[in-house]
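A quick write-up on the structure given underneath.
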Amino acid sequence: MPDAAARERAVAAVDARCRILLISSPKGGSGKSVLSRHLLVSAAQAGLKVIGLDFDRQQTLAKWAARRARTREAFPDFADTAVVPVSLQDWRGALRRTDSYQLAVLDTPPSVEDHLPAIDGLGEAADLILVPAVCTQDDVESVGPWVKALAGKGFTCSVVLNRANRRTTSYARMRGVLVKAGSVCPTELPQLEDIHVPSTKGLTLLDYSKSRGIEPFEEIWAYVRREVGL
Ligand SMILES: Nc1ncnc2c1ncn2[C@@H]1O[C@H](COP(=O)(O)OP(=O)(O)OP(=O)(O)O)[C@@H](O)[C@H]1O
Ligand SMILES: [Mg+2]
């Protein structure tokens with residue numbers, strides 16, 4: 001029987017472990033990088049030590065972070081978020097870079113079918129996989145089977161509906177298909193015309209407390225935080 005001190009050490013070790021949040025979708029342009037950078041900023045604003053790993057060769061997230069670093073030279077009050085470019089070929093090495101952090105947000109390229117062993121390895125390591133999906137037939141056709149496959153492997157995953165418009169019948173239909181396929185995050189992201197504007201300076205909507213459209217990101221962060229146990 002482990003004694004009380006040993007149990008306490010075991011609990012402390014679990015608490016100290018870096019939580020891994022994998023953002024993955026088979027569909028391009030579904031909102032992986034948008035979601036990644038907003039969650040990075042939320043975590044940093046909450047005072048967590050957070051790192052982004054950019055597995056996409058296009059380095060959308062890493063380039064955003066480089067712009068952010070330049071902006072922070074003049075305005076250091078914006079929360080500090082580290083992002084490193086990494087490769088799916090060396091996903092094990094990439095995961096080792098998360099050791100001294102509390103949360104790692106992993107942004108991935110869309111072509112998951114070409115990298116299944118790496119995505120499986122990252123999925124295994126992940127505390128939660130978020131799968132953004134735009135409410136269109138094309139997205140749902142590929143995301144539905146993808147979510148079922150992830151759940152079949154025993155991974156914890158949740159779809160985040162993006163560019164959602166509750167007033168349309170296609171939204172209700174697509175949402176229904178995805179709810180039947182697996183877990184769906186209770187908060188969706190609406191169409192936000194200005195979402196790309198702060199990105200030009202390496203910022204997000206969350207960096208401006210009065211931005212329109214920050215509530216869904218705050219709610220998704222609260223959901224993620226609870227799901228990964230932070
Ligand atoms: N909720 C939204 N409202 C409006 N525009 C959005 C929304 N979410 C994402 N976009 C826009 O859609 C485009 C694709 O988003 P993003 O780059 O996050 O997708 P991605 O899944 O990372 O794409 P890729 O597969 O190419 O890496 C971007 O121009 C982004 O600004
Ligand atoms: Mg991207």
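Under the UniProt record's numbering, think of the first position of the sequence shown as 1, with each following residue one higher.
Backbone N, C-alpha and C define an ideal beta-carbon position, used for all residues, glycine too.
Item to check | N- and C-terminal bounds of the beta strand (DSSP E) containing ALA133 | outcome: 128 to 134
Checklist entry - Measuring from the CB of ASP56, is there a heavy atom of ligand 4 at a distance below 8 Å? => result Looking at this structure, you won't find ligand 4 anywhere; what it does contain is ligand 1 and ligand 2.
Checklist entry - Which class does ALA82 belong to by DSSP, given the choice of helix, strand or coil? => result strand
Item to check | For ASP77, the nearest candidate out of SER209, ASN165, VAL105 and VAL228 (CA to CA) | outcome: SER209
Next on the checklist: Considering just the uninterrupted stretch of the alpha helix (DSSP H) at GLY123, what are its terminal residues?
Outcome noted: 116 to 125
Checklist entry - DSSP three-state call for ALA222: helix, strand or coil? => result helix
Checklist entry - Is the Cβ-Cβ distance between ALA104 and LEU230 less than 9 Å? => result no
Checklist entry - Helix, strand or coil: which one does DSSP assign to GLY176? => result helix
Checklist entry - Apart from the five residues just before and just after TYR101, which ones in its own chain have a Cβ nearer than 7 Å to its Cβ? => result CYS18, LYS49, VAL50 and ILE51
Next on the checklist: Run through the DSSP bridge pairs and tell me what ALA164 is partnered with.
Outcome noted: PRO190
Checklist entry - Can you tell me the Cα-Cα spacing of VAL160 and TRP91, whole angstroms? => result 24 Å
Checklist entry - Taking Cβ positions, are LYS153 and GLY123 nearer each other than 9 Å? => result yes
Item to check | Of the residues ARG175, PRO198 and VAL86, the one placed nearest THR187, counting alpha carbons only | outcome: ARG175
Checklist entry - My guess is that ASP54 and VAL86 are in contact by the Cβ rule of under 8 Å, so how many angstroms apart are they, rounded? => result 7 Å
Checklist entry - To the nearest angstrom, how far is it from the Cα of LEU150 to the Cα of ILE119? => result 10 Å
Item to check | Cβ-heavy atom distance, ASN162 to ligand 1, below 8 Å | outcome: yes
Next on the checklist: Using only CA atoms, which one of SER158, THR169, ARG166 and ILE214 lies nearest to LYS180?
Outcome noted: SER158
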